[in-house]
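Offset between the first sequence (1-based) and the working numbering: plus 1011. Here a beta-carbon is modelled for each residue, glycine too, at the ideal position from N, C-alpha and C. Heads up: the structure comes next, in structure tokens.
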Amino acid sequence: MRIVMMGTGTFAEPTLEALLAGPDFLVGVFTQPDREGVQKRGSTRQVGRGMKEIAAEKGVPVFQPASVNSPEGVAMLRGLSPDLLVVAAYGQILSKEALAIPTQGAINVHGSLLPKYRGAAPVARAILNGETETGVTIIRMSAGLDAGEMLAKESIPIADETAGELEAKLAPIGSRLALQTIARMKAGPITGEKQDLALVTKAPKLTKEMGLIDWSKPAEQVCRQVRAMQPWPTAYTYLHRPGKVPLRAIIYSAVEYPVRCDPRLQPGTPIREWHRDPGELFIAVAEELPGEERGVVQILELQPAGKKRMTAEEFLRGYPLKDGDRFGPETPI
RNA sequence: CGCGGCGUGGAGCAGCCCGGUUAGCUCGCCAGGCUCAUAACCUGGAGGUCAUAGGUUCAAAUCCUAUCGCCGCAA
């Protein structure tokens, strides 16, 4: 069987490697065009070895059209005369015309338990919404975003991973399911399960603004945001100090602290009297569901603008907090 | 030449704009003390070519130039 793979990033790479090691003939790899400057100094996105490099090692031709749906892109694909298309996190929606080229159709490796979380950012969205489990679904590609019938599915629990960590766990599951599905397809026609339209939810791309922390949200929600926004766009906030320019800081790690604090505190206020141990940085957040008491988030790791990533203890030594200091979403002008 | 921040004892920072006393703070480390005890407290100590190279000056961590390195933004 002649296979063409399309994908990008760490989520797609295990599948590419599996296909290269597998029994079928990988005739070409499509990946996104090289982004300018990305390789210069570590991207904000997760980039493993790179699809291009992995494919090149095995002498598999690589194609990077700006759009597969353009006449050029379609021509590239047609020129390979594939039997099957395997897509994982490619980032482009394939046109009907492109999907019609492979004789056996196309399958997609998707990082959620479909029909939930259709779209570009299923892993981060699942964490953000407090799901307790997620998984990988293999679907037959059809018109419509992630709407095809399901051919295989496997779930795993969500613990306290960041989006990047969770994706790294899902990727190998996806590659395994993809190979199994291909093997079944070769054995004969297979039928999948239709997605229940009533259960469909969308997982749109994340934006940079979604990383801005609103300290008036409940503690659990703030912590989920911190995990979901990694490695991109990262959760961030500003430290406001009287007479000083607001300091932007990326929050890398934060946990809910199971104690309530004075309800009169403004959300985002560091609770200094609790900082007995120099490594502890507690922040007051919104009131929990009922009652007036406020929840607390403990920041463990962060990175002030222009500095490297550091522990809360290190941060507090260099930026001792005083009365009137507060974390908040307000941007410097 | 895409934009910006930063390089100060082991860690994190201040000092730099407005050059000039022993380069400071919060920690860590070593020794001793107090204590039933401690991550607490007290005393003493080691540890710094202020990234590097030039320049300006009577005098440079501080001003100017270049180089190297780290980081953020550009999703």
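Tell me which same chain residues have a C-beta within less than 6 Å of the C-beta of residue i, skipping the five on either side of it?
i, result
"SER1227", "PRO1278 and ALA1297"
"VAL1237", "ALA1246, ILE1262 and ALA1265"
"VAL1134", "GLY1122, ALA1174, LEU1177 and GLU1178"
"ALA1131", "LYS1216"
"PRO1200", "none"
"GLN1050", "Residue confidence is low: GLN1050 scores 40 on pLDDT, short of 50, so the model does not pin down where it sits. No coordinate-derived value is stated."
"PRO1253", "GLY1335"
"LYS1219", "PRO1244"
"SER1166", "LEU1124, GLU1144 and GLY1146"
"ARG1195", "ILE1201"
"GLN1241", "THR1173, ALA1174 and GLY1175"
"THR1055", "Per-residue confidence for THR1055 stands at a pLDDT of 39, beneath the threshold of 50, marking its modelled position as unreliable; no derived number is given."
"ASP1225", "PRO1340"
"LEU1096", "VAL1015, PRO1113 and ALA1117"
Residue i bridges to which residues according to DSSP?
i, result
"ARG1151", "ILE1118"
"MET1017", "PHE1041 and VAL1098"
"GLU1267", "VAL1308"
"LEU1332", "Paired residues: none, contrary to the question."
"TYR1128", "Paired residues: none, contrary to the question."
"PHE1326", "According to DSSP, which records beta bridges pairwise, PHE1326 is partnered with nothing at all."
"LYS1107", "DSSP lists no partner for LYS1107."
"GLN1314", "ILE1261"
"PRO1168", "GLU1144"
"MET1161", "ILE1150 and GLU1204"
"MET1321", "LEU1313"
"ALA1032", "Note: ALA1032 sits in no beta bridge, so no partner."
"LYS1213", "ARG1129"
"CYS1272", "ARG1305"
"LEU1181", "Paired residue(s): none; LEU1181 is not in a bridge."
With residue i and residue j assumed to form a contact (beta carbons below 8 Å), what rounded beta-carbon distance in angstroms separates them?
i, j, result
"ALA1214", "TYR1101", "Actually they do not touch by this definition, with Cβ atoms about 16 Å apart."
"LYS1180", "LEU1124", "Actually they are not in contact, since the Cβ atoms of LYS1180 and LEU1124 sit about 14 Å apart, beyond 8 Å."
"GLU1291", "ALA1316", "Actually they are not in contact, since the Cβ atoms of GLU1291 and ALA1316 sit about 23 Å apart, beyond 8 Å."
"ARG1283", "GLY1306", "Wrong, their Cβ atoms sit about 17 Å apart, outside the cutoff."
"PHE1338", "THR1248", "5 Å"
"ILE1138", "ALA1023", "20 Å between Cβ atoms; not a contact."
Quick one: what does DSSP say residue i is sitting in, helix, strand or coil?
i, result
"THR1145", "strand"
"GLY1048", "Reliability fails at GLY1048, whose pLDDT of 42 lies under 50, so the model's placement of it is uncertain and the value that follows must be treated cautiously. Reduced to three states, the DSSP call for GLY1048 is coil."
"PRO1244", "coil"
"THR1026", "helix"
"SER1186", "helix"
"ALA1086", "helix"
"GLY1339", "strand"
"ILE1277", "It is Gln, not Ile, that sits at residue 1277 in the sequence shown. Coil."
"THR1192", "helix"
"LYS1228", "coil"
"ILE1138", "helix"
"LYS1069", "coil"
"ALA1077", "coil"
"LEU1292", "strand"
"LEU1156", "coil"
"LEU1091", "coil"
"THR1055", "In this prediction, THR1055 has a pLDDT of 39, which is less than 50 and means its spatial position is unreliable; what the coordinates show is noted afterwards. Coil, per DSSP."
Tell me which same chain residues have a C-beta within less than 7 Å of the C-beta of residue i, skipping the five on either side of it?
i, result
"LEU1088", "VAL1015, VAL1079, ALA1109 and ILE1112"
"GLY1053", "With a pLDDT of only 38 at GLY1053, under the threshold of 50, the placement of this residue in the model should not be trusted, and no figure is reported."
"VAL1073", "VAL1040, THR1042, LYS1063, ALA1066 and ALA1067"
"GLN1204", "Per the sequence presented here, residue 1204 reads as Glu, with Gln not at that position. GLU1160 and MET1161, listed in sequence order."
"THR1192", "ILE1118, ILE1149, LEU1162 and ALA1163"
"THR1019", "THR1042, GLN1043, MET1062, ALA1100, TYR1101 and GLY1102"
"LYS1197", "MET1012"
CB-CB under 8 Å to residue i, same chain, minus the five flanking residues each way: which ones, in chain order?
i, result
"ALA1154", "LYS1107 and LEU1110"
"ALA1029", "SER1186, ARG1187, ALA1189 and LEU1190"
"TYR1330", "LEU1250, LEU1258 and PRO1315"
Just checking residue i against the ligand ZN - is the residue's beta carbon closer than 7 Å to any of the ligand's heavy atoms?
i, result
"PRO1253", "In terms of ligand content, the structure shown is empty, and the ligand ZN therefore cannot be addressed."
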